[in-house]
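Encoded as structure tokens, the structure appears first; notes follow it.
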Ligand code: TXA
Ligand code: MG
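In our numbering, the protein residues as written are 11 to 315.
See below:
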């Protein structure tokens, strides 16, 4: 049985105690809900891969409560990385750094690098703080499905495979974090998110331009696979309303307020499947700021099977 709890003191304690017992917890973050495990417990980490149906070489993100905890995980932090986390943490920003030998290679998928972030959601940080260890958490969906942005989504996707689900409300951002690889000379965006390329470029002004390496197969990031954020229904993309057929099917409009569109996207895609629709039209946002991340996820949702 899944224990569903509020994000109050007893709820947070229930989550921490489950993590201590090596169980999995549905964790609210500001981006999407995570499927959390104690990052120092290899058995619990293996269970994440099992429950998600995720290939074992697809690495997890470690979540920490405070940026001062990064040196305990990272084998060196570049100047550019330091600038990014100073401005971007807590928040929807993940950095990839060289991993200390003490970091579980189950979490890193066998690699010597590790992805880390300090989530913006205070409940997530409080759970990690009380546990006193980093928490590994991929999005709390089965592999290849749409990420969950409410506690209900987590329960309906994972059922009793997750011991405790903490209800922290609907996620404020609604898209997965921006991932920046900081292991190279110049940082590279591996996955666009709410921390935008424009913001990163501005922050790293003197450090040289960020190369957006989406589609570059060199680094293993399953978020870069085609059709990673896919509903069952066929998704057809439109640059404007002009090409949307008049009487045909359902429409998700992402051309208005981009923050609202991002926040609601995954819930809309789930609704489409719940209604057993075979087809949904989506009007795209402009390709700037958060619109870049939104278009990235929509392109993947629409990619052919
Ligand atoms: O917003 C988020 O990042 C959410 C919440 C729960 O924090 N988490 C999330 O995790 O989206 P997941 O597992 O669905 O996506 C993790 C991404 C994958 O694309 C993975 O390849 C990449 O992070 N990643 C993890 N470790 C990496 C590494 N060492 N090098 C390159 N990419 C890495
Ligand atoms: Mg995911």
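Don't be surprised by glycine CBs; every beta carbon is placed ideally from N, CA and C.
Keep in mind it's a predicted model, so treat the numbers as computed, not measured.
Where residue i sits in the DSSP three-state scheme
| i | result |
| --- | --- |
| residue 188 | strand |
| residue 208 | helix |
| residue 34 | coil |
| residue 248 | strand |
| residue 299 | coil |
| residue 176 | strand |
| residue 49 | coil |
| residue 214 | coil |
| residue 95 | helix |
| residue 131 | coil |
| residue 18 | coil |
| residue 123 | strand |
| residue 83 | coil |
| residue 271 | helix |
| residue 243 | coil |
| residue 227 | Its pLDDT being 39, under 50, residue 227 is placed unreliably in this model, and the coordinates cannot settle the point. |
| residue 27 | helix |
| residue 163 | helix |
| residue 12 | coil |
| residue 115 | coil |
| residue 282 | helix |
Check: residue i C-beta below 8 Å from any heavy atom of the ligand MG
| i | result |
| --- | --- |
| residue 65 | no |
| residue 241 | no |
| residue 187 | no |
| residue 148 | yes |
| residue 286 | no |
| residue 151 | yes |
| residue 157 | yes |
Cα-Cα separation between residue i and residue j, rounded to whole angstroms
| i | j | result |
| --- | --- | --- |
| residue 244 | residue 279 | 10 Å |
| residue 121 | residue 112 | 13 Å |
| residue 129 | residue 257 | 42 Å |
| residue 86 | residue 98 | 18 Å |
| residue 29 | residue 82 | 20 Å |
| residue 35 | residue 189 | 23 Å |
| residue 215 | residue 24 | 44 Å |
| residue 67 | residue 115 | 10 Å |
| residue 157 | residue 297 | 22 Å |
| residue 267 | residue 299 | 12 Å |
| residue 265 | residue 249 | 9 Å |
| residue 197 | residue 262 | 34 Å |
| residue 252 | residue 61 | 42 Å |
| residue 16 | residue 22 | 8 Å |
| residue 213 | residue 125 | 20 Å |
| residue 138 | residue 110 | 20 Å |
| residue 57 | residue 163 | 20 Å |
| residue 225 | residue 20 | The predicted model places residue 225 with a pLDDT of 46, which falls under 50 and marks its position as unreliable, so this point remains unresolved. |
| residue 69 | residue 119 | 4 Å |
| residue 282 | residue 260 | 8 Å |
| residue 199 | residue 93 | 15 Å |
| residue 269 | residue 53 | 38 Å |
| residue 192 | residue 78 | 17 Å |
| residue 31 | residue 195 | 40 Å |
Proximity test, residue i beta-carbon vs the ligand TXA heavy atom, cut-off 8 Å
| i | result |
| --- | --- |
| residue 42 | yes |
| residue 104 | yes |
| residue 39 | yes |
| residue 28 | no |
| residue 68 | yes |
| residue 247 | no |
| residue 79 | no |
| residue 200 | yes |
| residue 129 | yes |
| residue 124 | yes |
| residue 71 | yes |
| residue 154 | no |
Minimum C-alpha distance to residue i - residue among the options
| i | options | result |
| --- | --- | --- |
| residue 275 | 34, 58, 311 and 13 | 311 |
| residue 96 | 84, 108, 76 and 107 | 76 |
| residue 59 | 148, 305, 127 and 185 | 148 |
| residue 302 | 194, 187, 240 and 289 | 187 |
| residue 307 | 284, 283, 288 and 241 | 241 |
| residue 141 | 159, 173, 50 and 117 | 50 |
| residue 294 | 305, 285 and 239 | 305 |
| residue 144 | 74, 54, 283 and 209 | 74 |
| residue 13 | 247, 246, 172 and 63 | 172 |
| residue 180 | 273, 119, 169 and 64 | 273 |
| residue 106 | 282, 185, 211 and 127 | 127 |
| residue 247 | 207, 289, 210 and 211 | 289 |
| residue 104 | 285, 185 and 33 | 185 |
| residue 271 | 90, 100, 88 and 159 | 159 |
| residue 204 | 31, 182 and 239 | 182 |
| residue 101 | 255, 206 and 192 | 206 |
Any chain B beta carbon closer than 9 Å to residue i
| i | result |
| --- | --- |
| residue 211 | In summary, chain B is missing from the structure at hand, where a single protein chain is found. |
### Query
Below 8 Å, can you find three or more Cβ-Cβ pairs linking the region 33–53 to the region 129–146?
yes
### Message
Under 8 Å, with one C-beta from each stretch per pair, do the region 139–155 and the region 44–52 reach the 3-pair mark?
### Response
yes
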